[in-house]
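Structure first, commentary second.
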């Protein structure tokens, strides 16, 4: 595995003091189709990846070795999310179900509900069924007692995880729901849709508290609360990420510089809260300074649309995944791999931790670190199932978003 050289692009920010310096550390193979989601656990010990090929891969840190594969869904996976205590993982699938997996055994009482996966000798901790079509997104409440899911059936559904039953159905949108998330205190759920709207709901009653829309009504690919839940980030299919003061119904910052006109590509915050990161349809990862809105890093990360981006909760570690070119057999340029990028500080910490860690039982050998130096990120400036493409046809004041 070799790091690909990346040339500095015209108009992209040069390296400088305090800029992020991500470089490629690992490439992780194993999935056979497009990477639809990657996510780190809140405690930083695990990374889960989801794909259109249906298995979910669980990797253990710091080595990134494959610890376990969850393989009961009968359709591609569009999303995956860890509970706040990192003991459970939820997955959303084209097979119209949400499944709950135990990372730590015996967190949930054994379920007596029928599960087709039991015929394979394997059982998810919970099988949540009720969506009429593919489930596109999933999120946990902070307490870990509830899961919210959004589907191609235009609804948001709220589930009691322990009981394994649906609490309520929100007739949320007039087009497929592309993202859901709980607020920090769990009292609100935000949803967004290809219909161009994003809405805030009362978790306990299901009442719609607020409806917002950008002036151009572009489809909303992703929405998430800031860590303090005072603001919202939205990613829309006009190649713009916006920071909203939702209580005042206004945009306070807008971030441009990436290409996003067709696919549902989320934006994420770096661990220190200083940077915003997103994939791009021109195969890049783009990094913005939160306060200045400046593009401080941009590099070609994959051979196709960068669909999935996740940042480690405490370290400068970035995971990315890409769309696979459609074809059977896969066409040249297929890119169903995950890439792990690290800042220099994170790399030093990871190397020291790996050296001090005993070999992990029941885990596959870890990926081999890249020996060829990769240029730092700051120095280089169909339609199939939802899990395959996550596709849709057709200012700012200073503020803290993490306090």
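Numbering (my numbering), first residue to last: 11 to 413. Where a beta carbon is used, it is the ideal one built from N, C-alpha and C, also for glycine. From a predicted model like this one, the values you see are computed outputs, not experimental measurements.
Item	Value
The beta strand (DSSP E) spanning residue 288 covers which residue range?	285 to 289
On the DSSP bridge list, what partners appear for residue 147?	160
CA-CA distance, residue 157 and residue 178?	11 Å
From this set, 364, 281, 290, 347, which residue's C-alpha is nearest residue 323's C-alpha?	281
Going along the chain, which residues of its own chain have a beta-carbon closer than 7 Å to the beta-carbon of residue 71, five neighbours each way excluded?	54, 55, 56, 57
Please return the same chain residues whose Cβ sits closer than 6 Å to the Cβ of residue 47, not counting the five positions on each side in sequence.	60, 89, 90, 318
With respect to the alpha helix (DSSP H) encompassing residue 363, which residues constitute its N-terminal and C-terminal limits?	354 to 366
For residue 269, which residues of its own chain have a beta-carbon under 7 Å away from its beta-carbon, when the five flanking residues on both sides are left out?	249, 290, 291, 292
With burial defined as no fewer than 16 other Cβ atoms inside 10 Å of the residue's Cβ, what is the status of residue 212: buried or exposed?	exposed
Which of the three DSSP states, helix, strand or coil, is assigned to residue 331?	strand
Does the separation of the CB atoms of residue 102 and residue 168 fall below 7 Å?	no
Report buried or exposed for residue 142, applying the criterion of at least 16 other Cβ atoms within 10 angstroms of its Cβ.	exposed
Counting only the same chain and skipping the five closest in sequence on each side, list residues whose C-beta sits under 7 Å from that of residue 266.	249, 250
Taking 7 Å as the threshold (C-beta atoms), are residue 206 and residue 227 in contact?	yes
Quick check on residue 235: does DSSP put it in helix, strand or coil?	strand
Measuring alpha carbon to alpha carbon, tell me which of 302, 294, 295 ends up nearest residue 284.	302
Please confirm whether residue 64 and residue 83 have their CB atoms less than 7 Å apart.	yes
Just the Cα atoms here: how many angstroms apart are residue 50 and residue 148?	15 Å
With a 10 Å radius around its C-beta and 16 neighbouring C-beta atoms as the bar for buried, classify residue 191 as buried or exposed.	buried
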